[in-house]
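All remarks here apply to the structure that follows.
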Ligand code: CP
């Protein structure tokens, strides 16, 4: 693995999930692997889980961690090649990323989409510029279109909790008060399409995800149909891809309720968090045995740990090829 940006960076998904679950049993099994290594975690946007779980994962591997809230504390960055920098942007990504690469062996970047220009967001300019100019392995801590650490976590959680070989997994749109990115559902769809699950996406009309992410999933606009017989319900709001970044409706009838959970095969309820109670999902579900959200969030550590491990091995191979 050279970087961790999407599911395509993982060679053997099944083995990867198994390794992550092994770390859950023995967190310090590789506590010297990261000796004398430093990971830099750059946040252009807020975070609780990604920040803490990735730090914890790095520490378990003996890696030093530097965290920077670039969006608040750094210089305003210019990402366009050839820009005349006579405005408010003080530093170009070419220098900024290359400099970060001087201090860190691995670099994690979180940068959300603007949700105004679909082509710009889906071209992944920020992540691609870090990939191009840092000279180090890059981990996406959530980009304009994907959240791969979350999706790996989700797959780990489904593997832990599944009761049948091929569970029915439903990704359902749910209402929200703000326009949210498509990163989590895009990524979840990408990973579920690569896993051994029966995958269904339920969303209101106008909220279909980009076709490249929907892949082979069954898409329905009927939430009750989707819930029937489901083993996992994964709720998430997203703004429209078609009318890019817009909230087309906040239809409360799409909130996940206990009554709807009764349509399922005693499904587990999943959400990436943070979640707005009684808007996305009602208290009764989150506070019930159905809810897997805390276990899911806990698994963020093992997902990050297996990713960092593979990147540390890549670095070691490059520096001492005779050892491998
Ligand atoms: N799920 C998730 O990425 O949480 P944070 O935004 O708190 O990191």
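Residue numbers (this note's numbering): 864 to 1187. Just so you know, even glycine gets a beta-carbon here, dropped at the ideal spot from N, CA and C.
Consider the C-beta atom of residue 1046 and the heavy atoms of the ligand CP; say whether any pair is separated by less than 6 angstroms. Working through the chain shown from its first residue, we reach residue 1046 at position 183. Checking every heavy atom of the ligand CP against the Cβ of residue 1046, none is found closer than 6 angstroms.
Drop a sphere of 10 angstroms on the beta-carbon of residue 1185, count the other beta-carbons inside from all chains shown, and report buried for 16 or more, exposed for fewer. Residue 1185 sits at position 322 when you count from the first residue of the chain shown. With fewer than 16 Cβ atoms within 10 Å of its Cβ, residue 1185 is classed as exposed.
Contact check, residue 1076 vs residue 1052, beta carbons under 7 angstroms: Here residue 1076 is taken as the residue at index 213 of the chain shown, counted from 1. Here residue 1052 is taken as the residue at index 189 of the chain shown, counted from 1. In this structure, residue 1052 lies closer than 7 angstroms to residue 1076 by Cβ.
Do you know offhand how far residue 893's Cα is from residue 950's? As a first step, residue 893 must be located in the chain shown, where it is residue number 30. As a first step, residue 950 must be located in the chain shown, where it is residue number 87. Roughly 47 angstroms separates the two Cα atoms.
Taking CB distances under 7 angstroms as the criterion, tell me whether residue 945 reaches chain D. Looking at the structure shown, chain D is missing, and only one protein chain is on hand.
At the level of alpha carbons, what is the spacing between residue 895 and residue 1159? One-based indexing of the chain shown puts residue 895 at position 32. One-based indexing of the chain shown puts residue 1159 at position 296. Residue 895 and residue 1159: Cα-Cα distance of roughly 27 angstroms.
State the start and end residues of the unbroken alpha helix (DSSP H) segment that holds residue 882. Along the chain shown, one-based indexing puts residue 882 at 19. Residue 882 -> alpha helix (DSSP H) spans 876-888.
Taking 7 angstroms as the limit between beta carbons, can you name the residues of its chain near residue 1082, skipping five residues before and five after? Your numbering for residue 1082 matches position 219 in the chain shown. So the qualifying residues of the chain are 1064, 1071.
Check whether the Cβ of residue 967 lies closer than 6 angstroms to any heavy atom of the ligand CP, and answer yes or no. By one-based count along the chain shown, residue 967 stands at place 104. Checking every heavy atom of the ligand CP against the Cβ of residue 967, none is found closer than 6 angstroms.
Considering only the beta carbon of each residue, do residue 969 and residue 867 sit closer than 7 angstroms? For the purposes of this step, residue 969 is identified with residue 106 of the chain shown, where counting begins at 1. For the purposes of this step, residue 867 is identified with residue 4 of the chain shown, where counting begins at 1. No.
Whole-angstrom distance between residue 1027 and residue 959, CA atom to CA atom: For the purposes of this step, residue 959 is taken as the residue at position 96 of the chain shown. For the purposes of this step, residue 1027 is taken as the residue at position 164 of the chain shown. Those two C-alpha atoms are separated by around 48 angstroms.
Just the Cα atoms here: how many angstroms apart are residue 902 and residue 1042? Within the chain shown, residue 902 is the residue found at index 39, counting from 1. Within the chain shown, residue 1042 is the residue found at index 179, counting from 1. Approximately 32 angstroms between the Cα atoms of the pair.
For residue 809, the nearest candidate out of 967, 966, 944 (CA to CA): Any answer about residue 809 is impossible in this case: the structure gives the chain only from 864 up to 1187.
Could you give the distance in angstroms between the alpha-carbon of residue 983 and the alpha-carbon of residue 953? Residue 983 sits at position 120 when you count from the first residue of the chain shown. Residue 953 sits at position 90 when you count from the first residue of the chain shown. Each residue's Cα considered, the two are about 21 angstroms apart.
If you scan the region 1133-1178 from start to end, which runs of the alpha helix (DSSP H) of 4 or more residues do you find wholly inside it? 1146-1149, 1156-1161
DSSP three-state label for residue 1180, please. If you number the chain shown from 1, residue 1180 lands on position 317. If DSSP states are grouped into helix, strand and coil, residue 1180 belongs with the helices.
Three-pair Cβ contact test at 8 angstroms for the region 975-989 versus the region 1012-1020: no
Candidates 992, 922, 1114: closest to residue 1084 by CA position: Reading the chain shown from its first residue, position 221 is the one you call residue 1084. Closest by alpha carbon: 1114.
Contacting residues, own chain, Cβ-Cβ under 7 angstroms from residue 937 (five flanking each side not counted): Position 74 of the chain shown, counted from the start, is the residue given in the question as residue 937. Counting only Cβ-Cβ distances below 7 angstroms, and skipping sequence neighbours, we find 931.
Residue 873 in three-state terms, based on DSSP: Residue mapping note: residue 873 aligns to position 10 of the chain shown, counting from 1. If DSSP states are grouped into helix, strand and coil, residue 873 belongs with coil.
Span of the alpha helix (DSSP H) holding residue 1009? Taking the chain shown and counting its residues from 1, the one referred to as residue 1009 is at position 146. Unbroken run through residue 1009: none, as it is neither H nor E.
Do three or more CB pairs link the region 1101-1109 to the region 1119-1126 at distances below 8 angstroms? no
Given 8 angstroms, three or more beta-carbon pairs between the region 1168-1176 and the region 872-892: yes
Could you name the residues of the same chain whose beta carbon sits closer than 7 angstroms to that of residue 1079, not counting the 5 residues immediately before and after it, in chain order? Against the chain shown, residue 1079 aligns to sequence position 216. Closer than 7 angstroms at Cβ, skipping near neighbours: 1056.
Any idea if residue 888 is buried or exposed, counting beta-carbon neighbours within 10 angstroms, 16 or more meaning buried? Position 25 of the chain shown, counting from 1, holds the residue named residue 888. It is exposed - the Cβ of residue 888 has fewer than 16 other Cβ atoms within 10 Å.
I'd like to know whether the C-beta atoms of residue 1205 and residue 1044 end up nearer to each other than 7 angstroms. For the chain, the structure presents residues 864 to 1187; residue 1205 sits outside this window and is missing.
Check whether the Cβ of residue 1025 sits closer than 6 angstroms to any heavy atom of the ligand CP, and report yes or no. For this step, residue 1025 is matched to residue 162 along the chain shown. For the ligand CP, not one heavy atom lies less than 6 angstroms from the Cβ of residue 1025.
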